[in-house]
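>
Protein chains: 2
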Amino acid sequence: MSGDACVIGLGSMGYGAAASLLRAGKRVRGVDVRPDVLQRFAGAGGVPAATPEEGARGAAVLFTFVVNADQTEEVLFGPNGAAATLGRGGVVVACATVPPLFAEKLSERLGAMGVLMLDAPVSGGAAKAEAGEMTIMASGPQEAFARAQPFLDAIATKVYRLGDKPGTGSRVKMVNQLLAGVHIAAAAEAMALGMRAGIDGKVLYEVISNSAGSSWMFQNRVPHIIDNDFKPRSAVDIFVKDLGIVLETGEALTMTLPIAAAAHRQFKTASARGLGREDDAAVFKLYGEKA
Amino acid sequence: MSGDACVIGLGSMGYGAAASLLRAGKRVRGVDVRPDVLQRFAGAGGVPAATPEEGARGAAVLFTFVVNADQTEEVLFGPNGAAATLGRGGVVVACATVPPLFAEKLSERLGAMGVLMLDAPVSGGAAKAEAGEMTIMASGPQEAFARAQPFLDAIATKVYRLGDKPGTGSRVKMVNQLLAGVHIAAAAEAMALGMRAGIDGKVLYEVISNSAGSSWMFQNRVPHIIDNDFKPRSAVDIFVKDLGIVLETGEALTMTLPIAAAAHRQFKTASARGLGREDDAAVFKLYGEKA
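Heads up: the sequence lines are chains W and H, in that order. Position in the first sequence (first residue = 1) + 162 = my numbering. Position in the second sequence (first residue = 1) + 162 = my numbering.
(1) Check distances from the C-beta atoms of the region 324-347 of chain W to those of chain H and list, in chain order, the residues that come in under 8 Å.
(2) With H, G and I counted as helix, E and B as strand and the rest as coil, what does DSSP make of W:Met-163?
(3) Can you confirm whether the region 343-352 of chain W touches the region 293-303 of chain W when touching is taken to mean that 3 or more C-beta pairs between the two stretches lie within less than 8 Å?
(4) If you measure between the beta carbons of H:Leu-343 and H:Ala-425, is that distance less than 8 Å?
(5) Between W:Phe-264 and W:Glu-235, what straight-line distance do the alpha-carbon atoms span, to the nearest angstrom?
(6) Counting only beta-carbon atoms, is H:Ala-212 nearer than 8 Å to chain W?
(7) Return the CA-CA distance between H:Leu-172 and W:Leu-172, expressed in angstroms with no decimal places.
(8) Let me know if W:Pro-328 comes out buried or exposed under the rule of 16 or more other beta-carbons within 10 Å of its beta-carbon.
(9) By a C-beta neighbour count over all protein chains shown, 10 Å radius and 16 as the cutoff for buried, is W:Met-163 buried or exposed?
(10) My output table needs one value for H:Gly-192: the three-state DSSP class, helix, strand or coil.
(11) Against chain H, which members of the region 244-264 of chain W pass a CB distance test of less than 8 Å?
(12) Is the CB-CB distance between H:Ser-332 and H:Asp-281 below 8 Å?
(13) Of all Cβ atoms in chain W, is any one closer than 8 Å to the Cβ of H:Pro-420?
(14) State yes or no: is the C-beta of W:Gly-251 within less than 8 Å of the C-beta of H:Ala-374?
(15) Does DSSP put H:Val-229 in a helix, a strand or coil?
(16) Give a yes or no on whether the minimum CB-CB distance between H:Met-163 and chain W is below 8 Å.
(17) Keeping to the same chain, check which residues put their C-beta closer than 8 Å to that of H:Glu-451; ignore five residues upstream and five downstream.
(18) Give the DSSP bridge partners of H:Tyr-322, in chain order.
(19) Can you list the residues of chain W that H:Ile-370 reaches, using a CB-CB cut of under 8 Å?
(20) Since H:Arg-358 meets chain W, which of its residues come closer than 7 Å, beta carbon to beta carbon?
(21) Return the residues of the region 278-309 of chain H that lie within a Cβ-Cβ distance of less than 8 Å from chain A, sorted by chain order.
(22) Nearest to W:Gln-216 by CA position, among W:Val-365, W:Gln-311, W:Asp-166, W:Gln-201, is which residue?
(23) Report yes if the CB atom of W:Ala-306 is closer than 8 Å to the CB atom of W:Met-279, and no otherwise.
(24) Can you grab the Cα-Cα spacing for the pair W:Val-260 / W:Asn-230, in whole Å?
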């Protein structure tokens with residue numbers, strides 16, 4: 163069993179990782195609270211497990227692709243948690259976006275049990291995840307990298323090794339999320355302004371995608387706005403959380419972050435208006451425009 | 163003389179356009195208030211002119227690459243202005259970023275004199291301008307496009323034809339500038355947070371350039387921050403102006419634009435602290451970090 167992987171959390175990123183591991187010939191156990199997702203996973207050749215404890219038993223590498231720090235703690239240390247069965251020498255690859263200090267403490271706690279950890283948030287979106295082409299920004303002990311590398315290579319085209327200190331991966335991810343969240347909020351605001359001024363949304367998309375105002379998020383999210391399609395690939399509430407981490411960390415470092423704060427306010431307002439589970443591009447709706 | 167071009171304003175974008183026109187075999191007259199720039203232009207094969215009036219005499223196409231609406235009006239209609247000598251059938255290609263309503267009025271005023279106008283803001287930065295690879299977002303009468311096209315093709319790889327109404331080009335540019343300004347301010351804020359948290363600037367640049375947090379501006383401006391090099395390619399005060407146009411237009415459309423407003427406040431604060439003529443990436447200095 164020593165070459166097995168376990169993936170906890172089969173959402174858009176986790177499912178993509180699990181599917182990529184299967185394609186690479188790994189044996190993969192999967193854990194998720196949704197029976198339909200587990201069934202799809204089984205159909206793709208994966209082995210569903212009922213609990214993190216069961217999924218982790220004897221696994222070489224365990225990925226946590228849950229939503230946040232609380233869930234990461236829960237699946238590792240809660241009832242039927244994975245940490246107990248993973249065993250000494252196992253490697254946890256912690257992929258959720260979490261506060262950097264949480265990542266540091268988690269690594270200590272696992273280390274005390276003989277379990278190695280990579281602080282390894284990911285980027286790239288659902289399509290890249292599905293294709294095995296994520297970006298991973300990871301830090302942790304060399305030994306953890308050595309054991310996890312073949313698994314990381316199966317799910318990512320870029321694995322940034324950011325040194326041996328847990329927390330570094332999460333810090334880089336936090337900076338990425340500041341930008342990602344601001345760029346989504348700005349894309350929504352810019353499209354609303356342009357459309358209110360009478361310009362066709364598709365024209366704005368085409369011209370700006372080829373101009374200095376473009377961003378990864380503009381290119382990725384504006385089609386959701388134009389198509390008036392807000393089924394969640396990544397939800398508004400994710401950025402309520404991630405920009406919350408950014409602002410808390412800024413606070414702890416005595417920094418004012420006015421751009422991030424303005425974007426955070428937009429995601430919080432959207433969430434308060436009942437849009438929390440819609441696609442994050444639904445912040446567009448705050449401006450009262452129709453695509 | 164009917165095939166001659168005149169370029170008024172030989173800053174980084176205008177000089178690039180003039181040089182590209184020369185490379186394409188056009189005869190080009192250039193107007194600028196700085197003697198050293200005119201000398202460089204002459205050395206490249208251009209013909210310096212002392213005033214807009216002199217430069218415009220009999221030109222087929224006249225580009226205004228000045229900074230704003232006031233300067234555009236001044237060089238066309240002020241003392242020794244170009245409009246009088248350009249002549250009926252001449253085409254003004256108005257490239258400065260200006261309020262959309264200004265572009266509409268300018269077109270009317272020129273039209274009354276028999277002069278055609280393209281509302282034709284540009285994007286791409288100094289390097290693209292130099293290479294003849296700008297993006298132009300233009301609107302105006304078909305006849306103006308027909309006459310200007312060979313000149314536009316010499317300076318741009320993408321010429322978006324946005325219909326026959328002046329104002330549309332400037333509206334699309336305004337939306338682009340909202341994004342560009344926010345992305346610069348966000349890039350500065352993100353880099354400051356990451357560096358304060360102990361991450362090396364070059365590492366942040368490398369990882370985020372390949373992640374979902376990337377933007378055209380992040381990739382273009384962050385090297386200025388890392389190299390601590392704030393000599394102006396495009397200055398802080400340009401975004402004080404351009405985001406000002408965005409906010410005024412939003413106001414006129416009864417829209418609140420909180421992300422643009424937050425970025426505008428950063429550029430205004432930077433300008434108030436004496437950084438107005440530094441590179442726009444100097445908003446980074448507001449965070450008190452050192453590269």
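Note that CB positions come from ideal geometry on N, CA and C, so glycine has one too.
Inspection of the coordinates gives the following:
(1) Taking 8 Å as the cut-off between beta carbons, the residues of the region 324-347 of chain W near chain H are Leu-324, Thr-330, Arg-333, Val-334, Met-336, Val-337, Asn-338, Gln-339, Leu-340, Leu-341, Ala-342, Val-344, His-345, Ala-347, in sequence order.
(2) In this prediction, W:Met-163 has a pLDDT of 38, which is less than 50 and means its spatial position is unreliable; what the coordinates show is noted afterwards. DSSP places W:Met-163 in coil when its eight states are reduced to three.
(3) The region 293-303 of chain W, when compared against the region 343-352 of chain W, does not touch it at the 8 Å Cβ threshold.
(4) In the sequence as presented, Leu is not what sits at residue 343 of chain H; that position holds Gly. For H:Gly-343 and H:Ala-425, yes; Cβs fall inside 8 Å.
(5) Straight-line Cα distance between these residues: approximately 10 Å.
(6) Nearest CB-CB separation between H:Ala-212 and chain W: not below the 8 Å threshold.
(7) Taking the Cα positions, H:Leu-172 is about 56 Å away from W:Leu-172.
(8) Label assigned to W:Pro-328: buried.
(9) Because the pLDDT of W:Met-163 is 38, which lies under 50, any placement of that residue in the model is unreliable, and the question is left without a value.
(10) H:Gly-192 falls in the strand class under three-state DSSP.
(11) Within the region 244-264 of chain W, contact with chain H at the beta-carbon level (separation under 8 Å) is assigned to Pro-262.
(12) Their beta carbons are under 8 Å apart, which means H:Ser-332 touches H:Asp-281 by this criterion.
(13) Yes, H:Pro-420 lies at the interface with chain W (some Cβ there is under 8 Å from its Cβ).
(14) In this structure, H:Ala-374 does not lie closer than 8 Å to W:Gly-251 by Cβ.
(15) H:Val-229 carries a coil assignment under DSSP once its states are collapsed to helix, strand and coil.
(16) Low confidence applies here, because H:Met-163 scores a pLDDT of 37, under 50, leaving its location unreliable; read the following figure in that light. Taking Cβ atoms only, chain W never reaches closer than 8 Å to H:Met-163, which makes this a no.
(17) Residues of the same chain with a CB within less than 8 Å of the CB of H:Glu-451, apart from the 5 flanking positions on each side, are Met-353, Ala-354, Met-357, Arg-358 in chain order.
(18) H:Met-299, per the DSSP bridge assignment.
(19) Per Cβ cutoff of 8 Å: Val-334, Val-337, Asn-338, Leu-341.
(20) By Cβ distance, chain W contributes Leu-415, Met-417.
(21) No chain A appears in the structure shown, which is made up of the protein chains W and H.
(22) Looking at the sequence provided, one finds Glu at residue 216 of chain W rather than Gln. When only C-alpha atoms are compared, the closest one is W:Asp-166.
(23) With contacts defined by Cβ atoms closer than 8 Å, W:Ala-306 and W:Met-279 form a contacting pair.
(24) The C-alpha of W:Val-260 lies about 6 Å from the C-alpha of W:Asn-230.
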